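Asks: I have a structure here, written as C-alpha cells, and I will follow up with some questions on it.
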Amino acid sequence: MTNTKIVSPKQDLIYMAILSAVVLTMPIWLQPFGAAYPDLMQKFMIFGIFAIGYNILFGLTGYLSFGHAAFLGVGSYTAVWSFKLLSMNVIPALIFGTVLSGLFALAIGFVSLRRSGIYFSILTLAFAQMSYNLAYSVLTPITNGETGLQLTQGDPRVLDRMSGIEANASLPTPNLFGIEGVGYSGFYICAALLLISFFIYLRIFRSPFGLKLRAIKSNQNRMGYTGFSTRPYLMTAFVISGMYAGLAGSLLAVTDPLAGAERMQWTASGEVVLITILGGVGTLIGPLLGAGIIKYFENIFSAFNETVLLNAFSFLPDWLAHPVASVVGLFVGEGWHLTLGLVFMLIVIFLPGGIMEGISRLWRLVTRRNKAEPVAGTHENKEKEQASAGEV
Amino acid sequence: MDAIFLQILNGLDKGGAYALIALGLTLVFGTLGVVNFAHGAIFMMGAFCAVTVEKLLTLSVRVRDESVTFFEAYKETPYLEVWFGDTGTAIIDWSVPLSIILAIPVMLLIGIVMERSLIRYFYKRPHAEQILVTFGLAIVLQELIKSFFGANPLPQGAPDIVAGSAAIGAVFGLGDAVVYPWWRLIYLAFSLLTIGLVFSFLHFTTYGMVVRAGMADRETVELLGINIERRFTIVFGIAAVVAGLAGVMYTPVLPPDYHLGMDFLVLSFVVVVVGGMGSLPGAVLAGFLLGILQSFSSMTEVKDIFPGIDQIIIYLVAVVILLTRPRGLMGRRGVMES
C-alpha cells in the first residue's frame, strides 16, 4: 500500500518547487473560487501544518491519537502569553509555542505510548479531556477560563518596552519585525512556515527514520525481532507531531490573538483526524488537500442560509422550491456538520485511502485504458492489471 | 457522615448511567468485536424518544380560556386533556415512564438497522476504521437530532408523585435532614434492574448461553450449525435498547440536548477500558466505581486539597489503571491485546 519506491532528491526538489509555486500563488488562482481572502487562506495553511504533523504520527505509525487538539491548545496559549509578556513579535511566540507543545507531547507520549491500538486512542483522549477540563476550571489564572485568553493594554511586553515600542491607544497586533500577522502579509508568513514544515516533513518521509515508522505500522513484532526498539521511534514521531500541532496552534494565535479552551476539546481532535482521512492517510500531500477542502467547504457551506437557498432554487416552481430548499438546508449553513459526517462516513466506507486513493484509482483506470489497447496480452501488462485488480 | 452517604448515592446513580452505556458498549465489543463510537448517540436518541413522546402527548389545540372574562382569551390545551380530562393530564404527567414503551421497539429497530446496514461491513476491518466510521455516524445522528429538535436542552419533568425528595435519612437513621430526589433513586433502581435483566438473559436463558458461547469461540458455535450472526445482531439491538432506556430515564435528571451522547460516550469508553475490554461485570463495576469516585471528588473538602480534581478524576484513574493493570479491572486474557 504505502509508497516505498526510491525517489531521488532531485525529484523531491521539483516536488517542493511545484508546491511552493502552488501555495504562493494561491491568492491568484483561488480568485475564481471566491476563496482568495487572507483569513481563509491562513486557515488552509494552519490546518495544513496541523494535518501533516498528525500524518507523521497516524499516517506513518498507524497510532490513532484522539487528543491532538491538546497540543494545538497549548501552542495557542503559549503564543498568547508570549505576546502578553515578551513581545508582539511572532518569532518568540512561535518558538515557545512549538517547544512547549513538544515538551507537553513528550510527557503525554511517555505515558500513552506504553499501550497501543484502541488503548492508545483512549489514553490520548483522556489526556486531552483532562487538559480541556483543567483549562476551563482550575487553570483559569493561566487560561482565563471560559472567556479565553486575550491581549490587554496593560500587558508588560518586556521586550517591546525595552526596544522602545510603546503601545498606542489601540491594541497591538502580532507582527514579524513590523510585517503584520493579518491580511496578505500574514498569509505569506503562514505560507512560508507551511513550506518549511512541509520540507521537514518530506525529509522525514524519505529518511530511514520514516521507513522505521512505517515498519512499526506494518508489523511491530517483526520490527522488534530485527533488533529495533520501537518506543524511541514512536516517541520521536509523537513529539514531532505534537510540535507541528503546537506550531499550528501558535499560528492560530498569530492570526487572532485569542486562545480559548474549546480549541482543546475532543471534537477538535476529531477534526484533524477527519482532515487526514479525507485527504489520504499516509500519503504525502493528502493531508494538505484534506485541510484545504474541509476548510473551503466549511466556509462556503456555512454561509448558506434559507434566503440564499430559495434564490438558488427560484427556477423551480414555487410549490417545489420550498421543500427542496428546506431539504438542502439540512445540509448547509448550520447543518454543515451533517454533510461533514456523511462525507466522512462515505470516505471511510468506500475509500479508506481518502481522496489520494481516489485520484490514484482514477489515474490507473485512465492509464490502463490507454495502454491496454496496443499492448494487450503482454506479460508486463497482465501483471499490472492483476495488481490493480487486487487493490480495487 | 450525612454528606458521605449522599455522595455515595449520588455516585451510584451517576454510575448507573455509566454502567448501562458501558454495558452496551462491552456487549457489542464482546460479540461483534466492533468498537462502537456511535453508542453515545444511541443513548442520546433514547433521551429524544422521551422528548418525542412528550411532544406527541402535548399536541395542543387552542381553546377559550374561561377564567378570563374581560376579553376573549385563548390558551393552548393538549388534546388529551380535552378528550379525557383529568386522565389526560395524568397521562401527560407520566410521559417519561410511558416513553419506555415506545423506546424499546424503536431502539431495538434502530440498533438492528444500524448493525445490518453499516456495522456488519466492518467486522473484519481494523479497529481504527471502526472507530472512524462510527464516529462519523455519531456526528450524523447528533446533527439530525439537532436539526429536528433545535440546539437547546429540552427539560422533561418526572411524574409529580416522584418529583420531590425522599426523606431517605429517616430510613437509614441519619436524621430527617438527609433527603434525596425520588427520581434519582428510581433511576438507580432502574439501572440495577436493567443490569440484572441483561445478566439473567445472558446466564439463565438458552439464547443467552449460545451468545456467551459465541463470545468465547465464534467458530466452534458456527460449526455446530448455529446462525451466530443473527444472534449477535439481536445482541446489538439489545445493547441499543439498554442505552436507549438509560437515555429515556435520564431525561428528568439532565435536560437532553444533541451533544449529550458525545459527553457520555467519552466517559463510557473510559469506563469500559477501566473495567476491562470485553468484560461485562467489569463494565458494571467500573461504572459504579467511577461514578462514586467522581461524586466524592466533587466534595468541597476534597477540592480544597486537590483543586480541580473533580474534573479529571475519571481520566486520571483510567491512566493509572491502564498503566498498572493493562487489561483493566476484570479484563480477560487475549481480548484486545495488541
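The listed protein sequences correspond, in order, to chains A and B. Reading the first sequence from the start, the letters are residues 1 to 392 in the working numbering. Reading the second sequence from the start, the letters are residues 1001 to 1338 in the working numbering. C-beta atoms are modelled at their ideal positions from N, C-alpha and C, and glycine is treated no differently. None of these values were measured; they are calculated from a predicted model.
Hey, out of B/Val1162, B/Ile1161, B/Val1178, whose CA is closest to B/Gly1169's CA?
Replies: One-based indexing of the second sequence puts residue 1169 of chain B at position 169. Of the candidates B/Val1162, B/Ile1161, B/Val1178, the one whose C-alpha sits nearest the C-alpha of B/Gly1169 is B/Val1178.
Asks: Buried or exposed: A/Arg161, going by 16 or more other Cβ atoms within 10 Å of its Cβ?
Replies: In the first sequence, counting from the first residue as 1, residue 161 of chain A sits at position 161. Its Cβ having fewer than 16 others within 10 Å, A/Arg161 is exposed.
Asks: By the DSSP assignment, the alpha helix (DSSP H) with B/Ser1060 in it spans what residues?
Replies: The count along the second sequence starts at 1 and reaches residue 1060 of chain B at position 60. No alpha helix (DSSP H) holds B/Ser1060; the beta strand (DSSP E) holding it covers 1060-1064.
Asks: Taking all protein chains shown into account, decide if B/Ala1103 is buried (16 or more other Cβ within 10 angstroms of its Cβ) or exposed.
Replies: Position 103 of the second sequence, counted from the start, is the residue given in the question as residue 1103 of chain B. It is buried - the Cβ of B/Ala1103 has at least 16 other Cβ atoms within 10 Å.
Asks: Assuming B/Tyr1079 and B/Val1061 are in contact, meaning their beta carbons sit under 8 angstroms apart, how far apart are those beta carbons, in whole angstroms?
Replies: Here the question's residue 1079 of chain B lines up with position 79 in the second sequence. Here the question's residue 1061 of chain B lines up with position 61 in the second sequence. The pair is a contact, with the Cβ atoms about 6 angstroms apart (cut-off 8 angstroms).
Asks: Going by the beta-carbon positions, is the gap between B/Leu1187 and B/Met1249 smaller than 7 angstroms?
Replies: Your numbering for residue 1187 of chain B matches position 187 in the second sequence. Your numbering for residue 1249 of chain B matches position 249 in the second sequence. Residue identity check: residue 1187 of chain B is Tyr in the sequence provided, not Leu. Yes; because the gap between Cβ atoms is below 7 angstroms, this pair is in contact.
Asks: Would you be able to state if there are at least three C-beta pairs under 8 angstroms between the stretch 70-79 of chain A and the stretch 257-265 of chain A?
Replies: Verdict: yes, contact present.
Asks: What alpha helix (DSSP H) runs, 4 residues minimum, are completely inside the stretch 1087-1162 of chain B?
Replies: Those alpha helix (DSSP H) runs which fall completely within the stretch 1087-1162 of chain B and span 4+ residues are 1095-1117, 1127-1149.
Asks: Can you tell me whether A/Trp29 is buried or exposed, with buried defined as 16 or more other CB within 10 angstroms of its CB?
Replies: Looking up residue 29 of chain A in the first sequence gives position 29. So A/Trp29 ends up on the exposed side.
Asks: Could you pull the start and end residues of the alpha helix (DSSP H) that B/Glu1222 belongs to?
Replies: The count along the second sequence starts at 1 and reaches residue 1222 of chain B at position 222. Per DSSP, B/Glu1222 belongs to the alpha helix (DSSP H) from 1218-1223.
Asks: What residue ranges within the stretch 49-132 of chain A form continuous alpha helix (DSSP H) runs of no fewer than 4 residues, ordered along the chain?
Replies: Here the runs fully enclosed are 69-85, 90-112.
Asks: Do B/Met1107 and B/Gly1046 have their C-beta atoms closer together than 7 angstroms?
Replies: Taking the second sequence and counting its residues from 1, the one referred to as residue 1107 of chain B is at position 107. Taking the second sequence and counting its residues from 1, the one referred to as residue 1046 of chain B is at position 46. Yes; because the gap between Cβ atoms is below 7 angstroms, this pair is in contact.
Asks: Determine the contact status of A/Phe127 and A/Gly67, defining contact as a CB-CB distance below 7 angstroms.
Replies: Numbered from its first residue, the first sequence carries residue 127 of chain A at position 127. Numbered from its first residue, the first sequence carries residue 67 of chain A at position 67. Yes, the Cβ-Cβ distance between A/Phe127 and A/Gly67 is below 7 angstroms.
Asks: Whose Cβ in chain A lies nearer than 9 angstroms to the Cβ of B/Ala1318?
Replies: Numbered from 1 along the second sequence, position 318 holds the residue referred to as residue 1318 of chain B. The answer, in chain order, is Ile122, Leu123, Ala126.
Asks: If you draw a straight line from the alpha carbon of B/Leu1193 to that of A/Gly109, how long is it in whole angstroms?
Replies: The residue given as residue 1193 of chain B occupies position 193 in the second sequence. The residue given as residue 109 of chain A occupies position 109 in the first sequence. Those two C-alpha atoms are separated by around 41 angstroms.
Asks: Taking its Cβ as the centre, do 16 or more other Cβ atoms sit within 10 Å of A/Ala370, making it buried, or is it exposed?
Replies: Here residue 370 of chain A is taken as the residue at index 370 of the first sequence, counted from 1. In the sequence as presented, Ala is not what sits at residue 370 of chain A; that position holds Asn. Classification of A/Asn370: exposed, given that the 10 Å Cβ count is below 16.
Asks: Can you tell me which residues form a DSSP beta bridge with B/Pro1181?
Replies: Translated into positions along the second sequence, residue 1181 of chain B becomes position 181. Partner(s): B/Ser1165.
Asks: Within the continuous beta strand (DSSP E) that includes B/Tyr1074, where are the two ends?
Replies: Against the second sequence, residue 1074 of chain B aligns to sequence position 74. Start and end: 1074-1078.
Asks: Less than 7 angstroms separating the beta-carbons of B/Gln1130 and B/Val1274?
Replies: Working through the second sequence from its first residue, we reach residue 1130 of chain B at position 130. Working through the second sequence from its first residue, we reach residue 1274 of chain B at position 274. No; because the gap between Cβ atoms is not below 7 angstroms, this pair is not in contact.
Asks: Would you tell me roughly how many angstroms separate the C-alpha atoms of B/Ile1292 and B/Val1096, rounded to the nearest one?
Replies: Mapped onto the second sequence, residue 1292 of chain B falls at position 292. Mapped onto the second sequence, residue 1096 of chain B falls at position 96. B/Ile1292 and B/Val1096: Cα-Cα distance of roughly 26 angstroms.
Asks: What's the C-alpha gap between B/Gly1040 and A/Gly292?
Replies: As a position in the second sequence, residue 1040 of chain B is number 40, starting the count at 1. As a position in the first sequence, residue 292 of chain A is number 292, starting the count at 1. Near 30 angstroms, if we compare the C-alpha coordinates of A/Gly292 and B/Gly1040.
Asks: Is any beta-carbon of chain B found at less than 7 angstroms from that of A/Gly341?
Replies: Taking the first sequence and counting its residues from 1, one reaches residue 341 of chain A at position 341. Cβ-Cβ to chain B under 7 angstroms: yes for A/Gly341.
Asks: Pull up the DSSP beta-bridge partners for A/Glu180, would you.
Replies: Sequence index remark: in the first sequence, residue 180 of chain A carries index 180 (1-based). According to DSSP, which records beta bridges pairwise, A/Glu180 is partnered with A/Asn175.
Asks: Expressed to the nearest angstrom, what Euclidean distance is found between the alpha-carbon atoms of B/Phe985 and B/Gly1011?
Replies: Residue 985 of chain B lies beyond the residue range present for chain B, which begins at 1001 and ends at 1338; the question has no answer from this structure.
Asks: Run the CB neighbour count on A/Ala248, radius 10 Å, all protein chains shown included, and call it buried at 16 or more, exposed below.
Replies: Start at 1 with the first residue of the first sequence, and residue 248 of chain A comes out as number 248. A/Ala248 is buried by the Cβ-count criterion.
Asks: Determine whether the beta carbon atoms of A/Leu60 and A/Leu213 lie at a separation below 7 angstroms.
Replies: Here residue 60 of chain A corresponds to residue number 60 of the first sequence, with the count starting at 1. Here residue 213 of chain A corresponds to residue number 213 of the first sequence, with the count starting at 1. Contact flag set, yes.
Asks: Would you mind telling me which residues of chain A sit closer than 7 angstroms to B/Leu1322, beta carbon to beta carbon, in chain order?
Replies: The residue labelled residue 1322 of chain B in the question sits at position 322 within the second sequence. What B/Leu1322 touches in chain A: Arg115, Tyr119, Leu123.
Asks: Anyone know if the C-beta pair for B/Ile1314 and B/Leu1290 falls short of 7 angstroms?
Replies: Your numbering for residue 1314 of chain B matches position 314 in the second sequence. Your numbering for residue 1290 of chain B matches position 290 in the second sequence. A contact, by the Cβ cut-off of 7 angstroms.
Asks: Taking 7 angstroms as the cut-off, decide whether the C-beta atoms of A/Ala93 and A/Ser101 are in contact.
Replies: For the purposes of this step, residue 93 of chain A is taken as residue 93 along the first sequence, with counting starting at 1. For the purposes of this step, residue 101 of chain A is taken as residue 101 along the first sequence, with counting starting at 1. Contact flag unset, no.
Asks: Kindly indicate which residue of B/Met1299, B/Asp1304, B/Pro1307 has the alpha-carbon position closest to the one of B/Ala1003.
Replies: Here the question's residue 1003 of chain B lines up with position 3 in the second sequence. The shortest Cα separation from B/Ala1003 among B/Met1299, B/Asp1304, B/Pro1307 belongs to B/Met1299.
Asks: Counting only Cβ pairs nearer than 8 angstroms, list the residues of chain A close to B/Gln1311.
Replies: For this step, residue 1311 of chain B is matched to residue 311 along the second sequence. Per Cβ cutoff of 8 angstroms: Met130, Asn133, Leu134, Tyr136, Ser137, Val138.
Asks: What's the gap between the Cα of B/Ile1091 and the Cα of B/Lys1075?
Replies: Counting from one through the second sequence, the residue named residue 1091 of chain B turns up at place 91. Counting from one through the second sequence, the residue named residue 1075 of chain B turns up at place 75. Their backbone Cα atoms lie some 20 angstroms apart in a straight line.
Asks: If the cut-off is 8 angstroms on Cβ atoms, which residues from the stretch 1253-1281 of chain B count as contacting chain A, listed in chain order?
Replies: Listed in sequence order: Met1262, Val1266, Phe1269, Val1270, Val1273, Met1277.
Asks: Can you round the beta-carbon distance between A/Leu57 and A/Ala237 to whole angstroms, since I take them to be within the 8 angstroms contact cut?
Replies: Numbered from 1 along the first sequence, position 57 holds the residue referred to as residue 57 of chain A. Numbered from 1 along the first sequence, position 237 holds the residue referred to as residue 237 of chain A. Contact holds; Cβ gap of about 5 angstroms.
Asks: Indicate whether at least one CB of chain D lies closer than 7 angstroms to the CB of A/Leu64.
Replies: Here the protein chains are A and B, and chain D is not one of them.
Asks: Under 8 angstroms by Cβ, that's how I've got A/Gly181 and A/Val80 pegged, so tell me the actual separation to the nearest angstrom.
Replies: In the first sequence, residue 181 of chain A corresponds to position 181, counting from 1. In the first sequence, residue 80 of chain A corresponds to position 80, counting from 1. The Cβ separation is near 12 angstroms, so there is no contact.
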